[in-house]
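The next block holds one structure in the form of structure tokens; read it before the comments.
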Amino acid sequence: MTTKMRSLRNFRNPIGCLILLAAFAAAAGCSTAESPSGSGTNMNHVLPSGSSVSGWLVVPSGGTHASTATLDYIANGGRSGCAQCHGSDLSGGISRVSCFGNPAGCHHDPVANWATPAGHGATAKKAPGSSGFASCQICHAAGFTGGGANVSCFTCHGVSAPHPARPWHGPTYTHTDTDTSNATICAQCHFPGSPNNPANHPATPAPAGTPPGCFNSTLCHSGGGGAPHAVPFNDPTHYGVTTATFPANCSACHDVSAPSTKTGPVCQTCHVAASPLTSLNCTSCHAGPPNSGAPAGAAYPNIAGAHATHIALNSAGTPIACDTCHNGLGAGTLNHYNRAKSRVPPGDVLFLATYNAQSGSSSFDNGAALSCSNVSCHGGQATPNWRTGAIDVNTQCTSCHTSVTTTQFNGPTSANHNRGQHQVACTVCHNTTALAVNHFTNLGTTALEGPASATIGGVGTGITTYVPATRSCTPNPACHGNQTW
Numbered sequence: 003m004t005t006k007m008r009s010l011r012n013f014r015n016p017i018g019c020l021i022l023l024a025a026f027a028a029a030a031g032c033s034t035a036e037s038p039s040g041s042g043t044n045m046n047h048v049l050p051s052g053s054s055v056s057g058w059l060v061v062p063s064g065g066t067h068a069s070t071a072t073l074d075y076i077a078n079g080g081r082s083g084c085a086q087c088h089g090s091d092l093s094g095g096i097s098r099v100s101c102f103g104n105p106a107g108c109h110h111d112p113v114a115n116w117a118t119p120a121g122h123g124a125t126a127k128k129a130p131g132s133s134g135f136a137s138c139q140i141c142h143a144a145g146f147t148g149g150g151a152n153v154s155c156f157t158c159h160g161v162s163a164p165h166p167a168r169p170w171h172g173p174t175y176t177h178t179d180t181d182t183s184n185a186t187i188c189a190q191c192h193f194p195g196s197p198n199n200p201a202n203h204p205a206t207p208a209p210a211g212t213p214p215g216c217f218n219s220t221l222c223h224s225g226g227g228g229a230p231h232a233v234p235f236n237d238p239t240h241y242g243v244t245t246a247t248f249p250a251n252c253s254a255c256h257d258v259s260a261p262s263t264k265t266g267p268v269c270q271t272c273h274v275a276a277s278p279l280t281s282l283n284c285t286s287c288h289a290g291p292p293n294s295g296a297p298a299g300a301a302y303p304n305i306a307g308a309h310a311t312h313i314a315l316n317s318a319g320t321p322i323a324c325d326t327c328h329n330g331l332g333a334g335t336l337n338h339y340n341r342a343k344s345r346v347p348p349g350d351v352l353f354l355a356t357y358n359a360q361s362g363s364s365s366f367d368n369g370a371a372l373s374c375s376n377v378s379c380h381g382g383q384a385t386p387n388w389r390t391g392a393i394d395v396n397t398q399c400t401s402c403h404t405s406v407t408t409t410q411f412n413g414p415t416s417a418n419h420n421r422g423q424h425q426v427a428c429t430v431c432h433n434t435t436a437l438a439v440n441h442f443t444n445l446g447t448t449a450l451e452g453p454a455s456a457t458i459g460g461v462g463t464g465i466t467t468y469v470p471a472t473r474s475c476t477p478n479p480a481c482h483g484n485q486t487w
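Have a look at this one:
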């Protein structure tokens, strides 16, 4: 490559990039936006004035040219209309503008974490547009071996594939969330009889000429072609299988446990703890609630954590169910089915909106912290670690109740709490025995249970008497005289 070409590859001014692109295109006779393109699709972006059409290059998203390039590549059977001006390897061509330079925002050079699955893997699995596996092929070649980018996908993946080494069902990587419109690219390697497919997948190949699809027997999976049910089988019929119906309806393709030579996966692929036919309901994967007991131990999906503590709130007057914290992820939902197959710990959490704090929407950090935030019953504050943390509700009041009176539903209602002589431990005034009566009732409401005044004074506190009607107290030992709160 010439020195001039190399300088263009490192050009960092996107506006200058566009000016050069327009000038070279016009000088070299590249087609304009008002003339037909030789590729059969409209890849033209140079106006008679020499500038590009509006929105062609937008940083950092890529603008119109990103999605146009991918769709043009697909429409032309793996040939890029960009090559007319940018060269067959897209390194410059007659335009002398390389697609692999680094003006800020061009392509993916400056995108943070692009080398991680979260950076580019999720983008590759999206529907074709400015993303999808086809978008990778434009620069990295149809076989993902390097192409004009001169960077093979195989180097990082460790296998000759545009994805990491298997298993690709979790816990680290999964293909179940790949948009099915990428099937044509997958079919390059995963066709019937391919060594890249599991044994006997698909059971019966689709008729010749059938377009590639994820569930039509053209790749690994059978749909209407081989299996007598939809794949994936997220249907009440699936969850209603019993020991009486399994032999006639399921056993031709499935065994309950490995080893198996049958075409379908064994039941314990998803039901990791036990046979779903003998361990009914939740217990084929975890106890209800998870309790870290046999047979799964302290492993996903049967990690006890603080489940027992929260389920105990049922007896305190606050109904708790799986959907309270795992809303829309329960048995029978597609989300539950997908998570059972991928087995990615820890379990996803989605709270009912009822439990949003005044400060914002509730959430769960499923990384190292394993804690909840903006949950109303914790006063919107970050909770201890779900697996290892705990709160002593008799002494650690400020873990849930802040001294600020206006930012959370359970904040103190009187500014007197912030007066100098009152900035003491909560238990100096509030009796934990009296508090326990209503402490955890009606946590699904925004009001404090109580009233809180009913917990003032008594054994263990520093208050001799408190008269709710007049809101006056006599401290003991006296930090001040009788006062009205």
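For reference, each letter of the sequence shown is one residue, going 3 to 487 in this note's numbering. No residue lacks a Cβ here, since even glycine has one placed at the ideal position from N, Cα and C. Bear in mind the structure is a predicted one, so any value in this text is a computation, not a measurement.
Assign residue i to one of two classes, buried (16 or more other C-beta atoms within 10 Å of its C-beta) or exposed (fewer than that).
| i | result |
| --- | --- |
| LEU221 | buried |
| SER100 | buried |
| VAL377 | buried |
| CYS158 | exposed |
| TYR468 | buried |
| SER405 | exposed |
| TYR339 | buried |
| PRO209 | exposed |
| TYR241 | exposed |
| SER373 | buried |
| VAL426 | exposed |
| ARG389 | exposed |
| PHE235 | exposed |
| GLN139 | buried |
| CYS475 | buried |
| THR97 | According to the sequence shown, residue 97 is Ser rather than Thr. Result: buried. |
| ARG341 | buried |
Please look up how many angstroms separate the CB atoms of residue i and residue j, rounded, as I've assumed it's under 8 angstroms.
| i | j | result |
| --- | --- | --- |
| CYS287 | HIS309 | In fact, because the Cβ distance is near 14 angstroms, the residues do not count as touching under 8 angstroms. |
| LEU315 | ILE322 | 5 angstroms |
| PRO470 | SER455 | 5 angstroms |
| SER183 | PRO204 | With a Cβ gap of about 19 angstroms, SER183 and PRO204 do not count as contacting. |
| HIS441 | VAL395 | 7 angstroms |
| ASP181 | ALA129 | 4 angstroms |
| CYS428 | CYS402 | Actually they do not touch by this definition, with Cβ atoms about 11 angstroms apart. |
| PRO292 | PRO303 | 7 angstroms |
| THR443 | THR320 | 6 angstroms |
From the options, pick the residue whose C-alpha is nearest to that of residue i; which is it?
| i | options | result |
| --- | --- | --- |
| ILE76 | PRO119, ALA143 and SER51 | ALA143 |
| GLY131 | HIS67, GLN86 and THR147 | HIS67 |
| THR239 | GLY369, SER378, THR486 and GLY334 | GLY334 |
| ALA260 | ALA254, CYS269 and SER253 | CYS269 |
| ALA417 | TRP487, ASN293, PRO50 and PHE135 | TRP487 |
| ASN412 | SER162, CYS379, GLY422 and ASN396 | CYS379 |
| THR472 | THR390, THR356 and ASN484 | ASN484 |
| GLY452 | HIS165, THR434 and ILE305 | THR434 |
| ALA276 | ASN293, VAL258 and THR263 | VAL258 |
| ARG421 | HIS482, GLY295 and ALA438 | HIS482 |
| GLY2 | GLY160, GLY149, HIS88 and PRO166 | Because the chain is modelled from 3 through 487, residue 2 falls outside the range shown and cannot be assessed. |
| THR415 | THR390, THR448, ALA300 and GLY459 | THR448 |
| ASN152 | PRO303, CYS141 and ALA301 | CYS141 |
| VAL461 | VAL430, THR443, GLY79 and SER262 | VAL430 |
| PRO119 | THR174, CYS255 and GLY145 | THR174 |
Quick check on residue i: does DSSP put it in helix, strand or coil?
| i | result |
| --- | --- |
| GLN137 | Note on identity: in this sequence residue 137 is Ser, with Gln being the wrong assignment. SER137: helix per DSSP, three-state reduction. |
| ALA201 | coil |
| ASP325 | helix |
| GLN485 | strand |
| PRO105 | A caution first: PRO105 carries a pLDDT of 49, below 50, which makes its placement in the model unreliable, though a value can still be read off. If DSSP states are grouped into helix, strand and coil, PRO105 belongs with coil. |
| PHE353 | coil |
| SER317 | helix |
| SER90 | coil |
| PHE366 | strand |
| THR176 | strand |
| SER183 | helix |
| SER97 | helix |
| TYR241 | helix |
| ASN251 | helix |
| TYR302 | coil |
| GLN425 | coil |
| ILE393 | coil |
| ASN2 | Residue numbering for the chain in the displayed model covers 3 to 487; residue 2 lies beyond these limits and cannot be assessed. |
| GLY452 | coil |
| ALA210 | coil |
| LEU279 | coil |
| ASP257 | coil |
Name the one or two DSSP bridge partners that residue i has.
| i | result |
| --- | --- |
| THR476 | THR467 |
| ASN358 | VAL377 |
| ILE458 | HIS432 |
| SER54 | VAL48 |
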